[in-house]
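The next block holds one structure in the form of structure tokens; read it before the comments.
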Amino acid sequence: AQSVTQLDSHVSVSEGTPVLLRCNYSSSYSPSLFWYVQHPNKGLQLLLKYTSAATLVKGINGFEAEFKKSETSFHLTKPSAHMSDAAEYFCVVRVVGGAGRRALTFGSGTRLQVQP
Amino acid sequence: DGGITQSPKYLFRKEGQNVTLSCEQNLNHDAMYWYRQDPGQGLRLIYYSQIVNDFQKGDIAEGYSVSREKKESFPLTVTSAQKNPTAFYLCASSIEGTGRVNQPQHFGDGTRLSIL
Numbered sequence: 002a003q004s005v006t007q008l009d010s011h012v013s014v015s016e017g018t019p020v021l022l023r024c025n026y027s028s029s030y031s032p033s034l035f036w037y038v039q040h041p042n043k044g045l046q047l048l049l050k051y052t053s054a055a056t057l058v059k060g061i062n063g064f065e066a067e068f069k070k071s072e073t074s075f076h077l078t079k080p081s082a083h084m085s086d087a088a089e090y091f092c093v094v095r096v097v098g099g100a101g102r103r104a105l106t107f108g109s110g111t112r113l114q115v116q117p
Numbered sequence: 141d142g143g144i145t146q147s148p149k150y151l152f153r154k155e156g157q158n159v160t161l162s163c164e165q166n167l168n169h170d171a172m173y174w175y176r177q178d179p180g181q182g183l184r185l186i187y188y189s190q191i192v193n194d195f196q197k198g199d200i201a202e203g204y205s206v207s208r209e210k211k212e213s214f215p216l217t218v219t220s221a222q223k224n225p226t227a228f229y230l231c232a233s234s235i236e237g238t239g240r241v242n243q244p245q246h247f248g249d250g251t252r253l254s255i256l
């Protein structure tokens, strides 16, 4: 079975400083991993995805994530936070289950606050 | 622009009443999904459909029903049997099929359901 754990429920940074949102996963197979962002009362927007190609994945808005198999981690980073980055972030693993089921398993989310 | 449209944005339900949430997509995606989001939690899968006229239960299907008569539409009915329906409901879609198992899901902006 697949699962994903986001290690911090809240992260607060100052504008212009680096962002690190941590995610660990467990999977019986080579996983597909995603990071999504959700702004208040909105749907989820895809930031980036890992699908067994390059281990360092670049996404939109300056975010990137590194897949580390030995650590079963997929942490999200950004060199310099912007006020508009304040949102909820979800780490997600793709499940390929019985009968062709293909659905996503979501972490519980990390709320990012950016202080001026 | 292609996308997923959910309506209404806010919905109120009386005790014992069934309500239907609309989800329409013009992305020509085969698969569609319904998720429930509760405060401070990730998303949980209610139902999914990989093709027209077929759908499968997710992790929390009790008290919900769906139909998939058209590729573009995947309405969700919250029945009176769902005893705790207050939540944010998100609809998603994705391309599926051979060679496309790692494609991300695209989300609508959600419907917030409350009990009167």
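These protein sequences, in sequence, are chains A and B. Take the first sequence: its position 116, counted from the start at 1, is 117 in our numbering, and no numbers get skipped. Take the second sequence: its position 9, counted from the start at 1, is 149 in our numbering, and no numbers get skipped. Glycine included, every Cβ here is placed at the ideal spot set by N, Cα and C. These numbers come from a predicted model, not from an experiment.
Check                                                                                                                                                                                                        : Outcome
Note down, in chain order, every chain B residue with its Cβ under 9 Å from the Cβ of A:S109.                                                                                                                : G180, Q181, G182
Could you tell me which uninterrupted beta strand (DSSP E) segments, each at least 3 residues in length, are contained entirely in the region 179–241 of chain B, listed from first to last along the chain? : 183–191, 194–197, 204–206, 216–218, 227–234
Could you confirm whether any beta carbon from chain B is found closer than 7 Å to the beta carbon of A:F35?                                                                                                 : yes
Could you tell me whether the Cβ of B:A247 comes closer than 7 Å to any Cβ of chain A?                                                                                                                       : This sequence places Phe at residue 247 of chain B; Ala is not what is there. Yes, because at least one Cβ of chain A sits closer than 7 Å to the Cβ of B:F247.
Can you determine whether any heavy atom of the ligand GDP sits closer than 6 Å to the C-beta of B:E164, and answer yes or no?                                                                               : The ligand GDP is absent from the structure shown, which contains no ligands of any kind.
Going along the chain, which residues of its own chain have a beta-carbon closer than 7 Å to the beta-carbon of A:E16, five neighbours each way excluded?                                                    : A82, H83, M84, V115, Q116, P117
Which residues of chain A have a Cβ atom closer than 9 Å to the Cβ of B:Y173, listed in chain order?                                                                                                         : A104, L105
Between which two residues does the beta strand (DSSP E) holding A:Y26 run?                                                                                                                                  : 24–27
Have a look at A:S13, A:H40, A:L57, A:Q46 and flag the residue whose alpha-carbon is nearest the alpha-carbon of A:L22.                                                                                      : A:S13
From A:A55 to A:S74, what distance separates their C-alpha atoms?                                                                                                                                            : 15 Å
Does the distance from the CB of A:Q39 to the CB of A:L48 come in under 7 Å?                                                                                                                                 : no
Quick check: A:S29 and B:G182, are their CB atoms within less than 7 Å of each other?                                                                                                                        : no
Using the Cα positions of A:L113 and B:G248, report the straight-line distance between them to the nearest angstrom.                                                                                         : 22 Å
Would you identify the three-state DSSP class for A:S85, choosing helix, strand or coil?                                                                                                                     : helix
Comparing alpha-carbon positions, which option in B:I255, B:G198, B:S213, B:L185 lies nearest B:S147?                                                                                                        : B:S213
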